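Okay, structure first, notes after.
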Amino acid sequence: MTGPIFIFLVLAAVAIAGAVSLILNRHPIHSALSLIVVMVALAGLYLLMGAEFVAAVQLIVYGGAIMVLFIFVIMLLNAGEEERTNFSTLATYGGVPLAFAIAGLIAAALSRAGTEALPAAAQGGAVSSTRALSMLLFSEFVYPFELTSFLILVAILGAIVLAQREN
Amino acid sequence: MVPTNYYLILSAILFGLGIVAFVFKRNIITLFMAIELMLNAVNLAFVAFSQSLGKLDGEVFVLFVIIVAAAEAAVGLGIIILTARNRRSLNVERVDLLKL
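Quick mapping for you: the protein sequence lines, in order, are chains A and B.
Just so you know, numbering that gives the first Met the number 0 puts 32 at position 33 of the first sequence, and the rest follows in order with no gaps.
Just so you know, numbering that gives the first Met the number 0 puts 73 at position 74 of the second sequence, and the rest follows in order with no gaps.
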């Protein structure tokens, strides 16, 4: 087993363990910490693929900002342990088969695609670099990029309007 | 060299776990985290394809997905605070105003 594949397997196992732990934990704060583990493992995978800027953004924005927001809200609302209620009939008879159907569909599509159709992921920044990424972002994608600033402004205003106490 | 298919399989597994969490969890904040997990799984597939095809467009899309996820988290958590204040519960089964 070569080095990159070993690193991939370790990081993938960490990510899957974090996701399973998100499902099994009943307390929201434990679920949030599990999700942070998943995000850090994914940042490691991005580094392995040579997408270093995406890895940094993943750590700072996802693992940092967004998850801190989640933990703030969990603590603000004093969220306790999840109540145990009976599963709704729709979840039992509709949700479980649906999850298996989607998993089967994805597996079928992947197995049909074959391994030779896709070249192996480049490693160590063969095509990726922050410089090329920023060139692309500020030339071809400059209008969507500017639009996202408007989106974030609207989101900030929406959050303020939603969360304020009416009196 | 890690084959691209490995990344895609991991992405599919994470997405499936996100669906399972979304279906089975009862806490509204945990449901929101399940959505974030699915977004992360899709991001992984984007970066894997981007590296495999040698084009950087996929990584740009990932940046946009992260920006949209941040905006969504801000608005969504505001809605969660509002719901928790009005219904006095975080259980999604207690938010049943539209139920017949």
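Even for Gly, the Cβ is constructed at its ideal location relative to N, Cα and C.
Keep in mind that this is a model prediction, so the values were computed, not measured.
In whole angstroms, what separates the C-alpha of residue i from that of residue j?
i, j, result
"residue 137 of chain B", "residue 28 of chain B", "The structure shown has nothing for residue 137 of chain B, since chain B only spans 0 to 99."
"residue 16 of chain A", "residue 9 of chain B", "12 Å"
"residue 153 of chain A", "residue 2 of chain A", "45 Å"
"residue 124 of chain A", "residue 74 of chain B", "Confidence is the limiting factor: at residue 124 of chain A the pLDDT is only 47, short of 50, which leaves the residue's position unreliable, though a coordinate-based value still follows. Distance between the alpha carbons of residue 124 of chain A and residue 74 of chain B is about 36 Å."
"residue 60 of chain B", "residue 89 of chain B", "33 Å"
"residue 37 of chain B", "residue 99 of chain B", "30 Å"
"residue 110 of chain A", "residue 72 of chain A", "41 Å"
"residue 42 of chain A", "residue 58 of chain A", "6 Å"
"residue 81 of chain A", "residue 93 of chain A", "22 Å"
"residue 12 of chain A", "residue 1 of chain B", "15 Å"
"residue 86 of chain B", "residue 34 of chain B", "22 Å"
"residue 131 of chain A", "residue 55 of chain B", "8 Å"
"residue 96 of chain B", "residue 141 of chain A", "43 Å"
"residue 149 of chain A", "residue 83 of chain B", "28 Å"
"residue 146 of chain A", "residue 88 of chain A", "42 Å"
"residue 129 of chain A", "residue 164 of chain A", "43 Å"
"residue 13 of chain B", "residue 75 of chain A", "29 Å"
"residue 65 of chain A", "residue 100 of chain A", "31 Å"
"residue 38 of chain A", "residue 62 of chain A", "6 Å"
"residue 91 of chain A", "residue 35 of chain A", "29 Å"
Take residue i and list the residues in its own chain whose beta-carbon comes closer than 6 Å to its own, dropping the five residues that flank it on each side.
i, result
"residue 70 of chain A", "31"
"residue 31 of chain B", "75"
"residue 26 of chain A", "80"
"residue 24 of chain A", "30"
"residue 20 of chain B", "33"
What does residue i pair with, by DSSP beta-bridge criteria?
i, result
"residue 26 of chain B", "B:90"
What does a CB cutoff of less than 8 Å around residue i pick up in its chain, not counting 5 residues either side in sequence?
i, result
"residue 144 of chain A", "136 and 137"
"residue 46 of chain A", "54"
Taking 8 Å as the CB-CB cut-off, is residue i touching chain C?
i, result
"residue 143 of chain A", "Of the protein chains in the structure, A and B, none is chain C."
What does a CB cutoff of less than 7 Å around residue i pick up in its chain, not counting 5 residues either side in sequence?
i, result
"residue 93 of chain B", "86"
"residue 49 of chain B", "55, 56, 57 and 58"
"residue 40 of chain A", "10, 13, 14 and 17"
Contact the stretch 77–96 of chain B vs the stretch 33–49 of chain B: 3+ CB pairs below 8 Å: In short, these stretches do not touch, since the Cβ pair count stays below three.
Secondary structure, alpha helix (DSSP H): runs of 4+ residues fully inside the stretch 55–100 of chain A: Entirely contained in the stretch 55–100 of chain A, the alpha helix (DSSP H) runs reaching 4 residues are, in chain order, 66–75.
Given 8 Å, three or more beta-carbon pairs between the stretch 3–20 of chain B and the stretch 43–59 of chain B: The stretch 3–20 of chain B makes contact with the stretch 43–59 of chain B, as at least three CB pairs between them are under 8 Å.
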